[in-house]
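All remarks here apply to the structure that follows.
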Ligand code: SF4
Ligand code: SF4
Ligand code: SF4
């Protein structure tokens, strides 16, 4: 990932954008934080949050015109938050700790502010805080300007005095009863001060010989508020005029002018990066269609504003606007406690580390690459795509943890080996019109379905259609593991096999295979079994096993973009006489079962959460059309049926737990052996020596083996080796043997007792660390 | 993973091939190009080493993961 990709991705996530209220506020008051504190009942903290932006917190809630309120998202679910009233309540009931009006170190610059209204007061405050020596000229006594024109019950006079007191605390020098332009000239002021802010108020008629605009008011630069005279700035109601009067704009003008004056005196650009100042449109997305509406909290006595409890209740209505659309639907993103803007930075850092710990390895490998995030994101950010690229980069850097995908890759290798892989035209045919590619997991989960579909195709397709069989793996595990090399060679092999079969149309029974074929083998024409079933009709005419029963459909995540498939599956269920109760997340917004992307391998804890959430989304039995999804949910105790179980029946107990990992291998091998024999009349070659080792495994030990991902063939290899070479340890009291063997990267240990031609397994475990042997037994290297 | 990792008492295992009890000895274990000396039960004659379950699933996995993230 390049730096600029990172930037672009970071910007794509808008979670950190200011909420609408803050963006619209010309001073960017953090309304969300204020409401959060107030909702907790901490009005002191709420007041502190307000004070952070506004030095006169007691005034603002009483005079602000609330440009924030019409854009408040609460308005989409009830009424907008009474923001100013809430701010007023903070000031009324909250207390600030003794203010440390800590100004920056004194600067050797003198500035003057003309006009002691809100705008001048704020500019004087900001400049004094920045360390400038500030003189404030006010035509009347005391300062406050138009603040004094508010009725006492709206704005008590004592409050004005108290709030503006901060100016004196800051050491601002007051020149009261002094009219600039009458009692002294701008020239005279300008001579003694390096910069001037003119903020005389709406009724001011004095224009100081400055350039005027078409309304006859002092003309200012809209960004910097600079007038035509160097070092002289102007703002507030004297620029806006009586018709444009605004308390909050006056405050904001004062702040903007202070920034300009600071930059002017520091001799830096007045115009650079100022686009964020003033009222803005928020770029934050917050979903409200799922929010229950709530009306405004009324005031018992409007003149007194909110009581404390009323303010709390109103604050609790605030939605605390944020996006997190992806985090809300993805347990994985939720699990790590942050959101994509942060995550992409962590992924990037992880890829850039030269020395030190790569803390995001597991994060990157824990994503199921399901694409739901992109589906719900207002800007289509796809963390799955980010993580997949990151995995490829890790592999390229030689930094992919070997343990992360090893089990899945070995499973894939098994499916590609002679034990399962097969490419055959129909008996007697020298090419195929169609070829059935069941994929590895359907064959592993319910082997009888492979034969059933194959036979169905022969019967349902027009007479004379030549249907071949292709067994193997689509390469998805390699793709998920970032192993572009292995994935490419898997696809190359499929391409060659497909060509050798006469380029038939490929019938798929797994949506992951389907996705892989579509994305990586676009020249091969593919069709899903469900689509064929919908088109050519169900076998066993008239069978309607559903009998009106209600089921819920779990759409596999790899069908996300396949609306046609979703529709066909539901049509089939209707034809089978089932009622469908849709899950809250289905179709394009369906979830992954946790098998995708090898999430379950990298992070079983996250997958547990994923599955736990999914299985409680609907009370009815689930129907799905991915063998892995089915087995995952069924293992968690959720009765889940494969669509093919409904169409073709199930030889065992439909809906229950699927086979264990060892049986999955066996089932694949059996599918091949059986079909070769039944359809082509061929028998397979003999087995490897270890395959004849008979194992006795109790249920308890089996559960442990499953959790540790140890297969029967691993045990068989260890025992075959130990018994053949004699390299084993003996526990004399129990007569148990302990032996280990390292077929490739993992060393397996098995505790066993030979028993009447078989081997009773007591325990097994594994590790990846190697024992460096100093005395390797002759000819038996690599044995622990 | 340095020094004596093996803290459990020596298991009363015999090397089934040499028919002698295992003895604690310095053994090197390695992962991803990093090697560490550890003390493990070992056959004094043929050098066969024993790694108990607690070590394999405890400290070893921990170190494996640390090294994988380096
Ligand atoms: S959906 Fe997620 S990635 Fe997209 S903007 Fe919202 S928080 Fe960011
Ligand atoms: S709901 Fe709260 S955070 Fe959202 S816009 Fe309104 S006040 Fe701001
Ligand atoms: S698991 Fe799916 S929704 Fe979650 S981040 Fe990965 S691709 Fe996106």
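Protein chains in written order, with our numbering: chain C, 1 to 784; chain D, 785 to 854.
Yeah, the Cβ is synthetic: ideal placement off N, Cα and C, and Gly gets one too.
- Around residue 416 of chain C, the same chain offers 472, 473, 490, 493 as residues with beta carbons nearer than 8 Å, after the five sequence neighbours per side are excluded.
- Around the beta carbon of residue 445 of chain C, 16 or more other beta carbons lie within 10 angstroms, which makes this residue buried.
- Check the Cα spacing between residue 685 of chain C and each of C:679, C:692, C:673: the tightest is with C:673.
- A direct Cα-Cα distance of roughly 16 Å separates residue 726 of chain C from residue 805 of chain D.
- At least one heavy atom of ligand 2 is found less than 6 Å from the C-beta of residue 81 of chain C.
- One thing to note: residue 195 of chain C has its Cβ within 7 Å of the Cβ of residue 265 of chain C.
- DSSP places residue 304 of chain C within a helical segment (H, G or I) once states are collapsed to three.
- Here residue 260 of chain C has 224, 225, 226, 233, 270 as same chain residues with Cβ atoms under 8 Å from its own Cβ, once five neighbours each way along the sequence are excluded.
- Contact check for residue 632 of chain C and residue 611 of chain C: beta-carbon distance about 6 Å, within the 8 Å limit, so the pair qualifies.
- Nearest neighbour of residue 597 of chain C by Cα position, chosen from C:332, C:218, C:55, C:309, turns out to be C:332.
- Rounded to the nearest whole angstrom, the C-alpha separation of residue 826 of chain D and residue 854 of chain D is 30 Å.
- Look at residue 424 of chain C here: in three-state DSSP terms it is strand.
- In this structure, residue 657 of chain C keeps its C-beta atom at 7 Å or more from the C-beta atom of residue 630 of chain C.
- Secondary structure within the stretch 691 to 745 of chain C: the beta strand (DSSP E) runs of 3 or more consecutive residues, fully enclosed, are 729 to 731, 736 to 741 (chain order).
- Apart from the 5 residues on each side of it in sequence, residue 22 of chain C sits with its Cβ closer than 8 Å to the Cβ of 28, 29, 30, 31, 32, 68, 282 in its chain, given in chain order.
- At a threshold of 6 Å, residue 448 of chain C does not count as near ligand 3, since its beta carbon sits no closer than that to any of the ligand's heavy atoms.
- Put simply, of C:8, C:466, C:687, C:81 the residue whose alpha carbon is nearest the alpha carbon of residue 313 of chain C is C:81.
- DSSP lists D:810 as the bridge partner or partners of residue 823 of chain D.
- The Cβ of residue 837 of chain D sits closer than 7 Å to at least one Cβ of chain C.
- Collapsing the DSSP output to three states places residue 227 of chain C in coil.
- Interface with chain C (7 Å Cβ-Cβ cutoff): residue 846 of chain D is excluded.
- Among the residues facing chain C, residue 818 of chain D is not included, as its CB has no counterpart in that chain under 7 Å away.
- Residues of chain D whose Cβ lies closer than 9 Å to the Cβ of residue 726 of chain C are, in chain order, 800, 801.
- Judged by DSSP secondary structure, residue 621 of chain C falls within the beta strand (DSSP E) whose first and last residues are 621 to 624.
- Of all residues in the stretch 710 to 722 of chain C, none has a C-beta nearer than 7 Å to a C-beta of chain D.
- At least one heavy atom of ligand 3 sits closer than 6 Å to the Cβ of residue 368 of chain C.
- Not a single CB atom of chain C sits nearer than 7 Å to the CB of residue 823 of chain D.
- A straight line joining the alpha-carbon of residue 811 of chain D with that of residue 747 of chain C spans about 16 Å.
- With 16 or more other Cβ atoms from the protein chains shown falling within 10 Å of its own Cβ, residue 24 of chain C counts as buried.
- C:601 is the residue among C:361, C:71, C:601, C:378 whose C-alpha sits nearest the C-alpha of residue 407 of chain C.
- The beta-carbon of residue 814 of chain D is placed less than 7 Å from the nearest beta-carbon of chain C.
- Annotation: residue 468 of chain C is outside any alpha helix (DSSP H); the continuous beta strand (DSSP E) that includes it extends over 467 to 471.
- Contact between the stretch 274 to 290 of chain C and the stretch 336 to 353 of chain C is absent, with fewer than three C-beta pairs closer than 8 Å.
- For residue 281 of chain C, the three-state secondary structure derived from DSSP is coil.
- Within the chosen limit of 6 Å, ligand 3 reaches the beta carbon of residue 373 of chain C through at least one heavy atom.
- Pairing residue 3 of chain C with residue 638 of chain C, the inter-Cα distance amounts to about 45 Å.
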